[in-house]
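>
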């Protein structure tokens, strides 16, 4: 399957600088590869220059790896692509003074026929929107870990000053464990990949209300709805960069 089979009219990418940042540290990419169509969203951390560089390197490395050959074991190939991106960032930091601490989150969605393979490290997210909204990834953050342990409630996690502290990202160490899963794609379903800046100050109900399949019938309506949500996010004083990749699966 290639991007032409998805239909370019059903794909939209939008990335903007937040209210406080001075540079775009998010990076989005998509590519046709021998393994299927790959969509990637990375949210750089570690300062304006370092974060932007880490996110850019990660998107380029992941798409390059998956475009290099066709792999029989797709989950393993995605894992290897993310590990390759991690090593590329570590090598860049080692060779360039002043980039210590740069890293990035990563979300990967690979479409192969009617199967979606998803992988992530960090707190960027992938959502599935059909008759309801479903978060397909689980944040690698301090607060999410504490919620799972029962030491913090979900409501407390929303306002905790450590809510942006990551327990895992790429570019920090050689020891990372991407979460990878896969499932069947249903025709007419919308998929959203976004950085945390997109969803911090809006609810899942607002995302679903704006981006549900019944609301999205054309690329222009997709563009309009995502732009409206981004404007809502900016008006609510979101400081982080805001990025979203969305597509509608039709067969």
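Residue numbers (the working numbering): 112 to 362. Where a beta carbon is used, it is the ideal one built from N, C-alpha and C, also for glycine. Everything numeric in this text was worked out from a predicted model, so none of it was measured.
Quick one: what does DSSP say residue 116 is sitting in, helix, strand or coil?
Note that residue 116 has pLDDT 43, beneath the 50 cutoff, so the model's placement of it is unreliable and no number is given.
> Quick one, which of 242, 239, 276, 204 has its alpha-carbon nearest residue 256's?
276
> Would you check if the distance between the CB atom of residue 221 and the CB atom of residue 193 is smaller than 8 angstroms?
no
> For the structure I just gave you, are there three or more beta carbon pairs, one from the region 319–332 and one from the region 256–265, closer than 8 angstroms?
no
> Using 8 angstroms as the cut-off, can you tell me whether the region 203–212 makes contact with the region 170–183, which would need three or more C-beta pairs spanning the two stretches below that distance?
No: the two stretches stay apart, fewer than three of their Cβ pairs being nearer than 8 angstroms.
> Using three-state DSSP, classify residue 325 as helix, strand or coil.
coil
> Any Cβ of chain B within less than 8 angstroms of the Cβ of residue 292?
Within the model displayed, chain B is absent; a lone protein chain is all it includes.
> Any idea if residue 138 is buried or exposed, counting beta-carbon neighbours within 10 angstroms, 16 or more meaning buried?
Buried, since its Cβ has 16 or more Cβ neighbours within 10 Å.
> Pull up the distance between the alpha-carbon of residue 254 and that of residue 155, whole angstroms please.
19 angstroms
> The beta strand (DSSP E) that contains residue 155, what's its start and end?
147–156
> If we require 3 or more residues per run, which beta strand (DSSP E) segments fall completely within the region 255–314?
290–295, 300–305
> Three-state secondary structure (DSSP) at residue 182?
coil
> Counting Cβ pairs, one atom from each stretch, are 3 or more of them under 8 angstroms apart for the region 326–333 and the region 279–296?
no
> Cβ atoms of residue 230 and residue 303: under 8 angstroms apart, would you say?
no
> Can you tell me whether residue 161 is buried or exposed, with buried defined as 16 or more other CB within 10 angstroms of its CB?
buried
> Compare the beta carbon distance of residue 169 and residue 136 with 8 angstroms and say whether it is the shorter of the two.
no
> Once the 5 residues before and after residue 311 are set aside, which same chain residues still bring their CB inside 8 angstroms of it?
344, 349, 351
> In whole angstroms, give me the CA-to-CA distance for residue 358 and residue 122.
4 angstroms
> According to the neighbour-count rule (16 or more other Cβ atoms, all chains shown, within 10 Å of its Cβ), is residue 126 buried or exposed?
buried
> Among all the DSSP beta bridges, which residues are the ones paired with residue 140?
151
> From what residue to what residue does the beta strand (DSSP E) around residue 337 run?
Residue 337 -> not in any beta strand (DSSP E); alpha helix (DSSP H) instead, spanning 330–346.
> Mapping DSSP to helix, strand and coil, what is residue 128?
coil
> Give the range of the beta strand (DSSP E) segment to which residue 239 is assigned.
236–240
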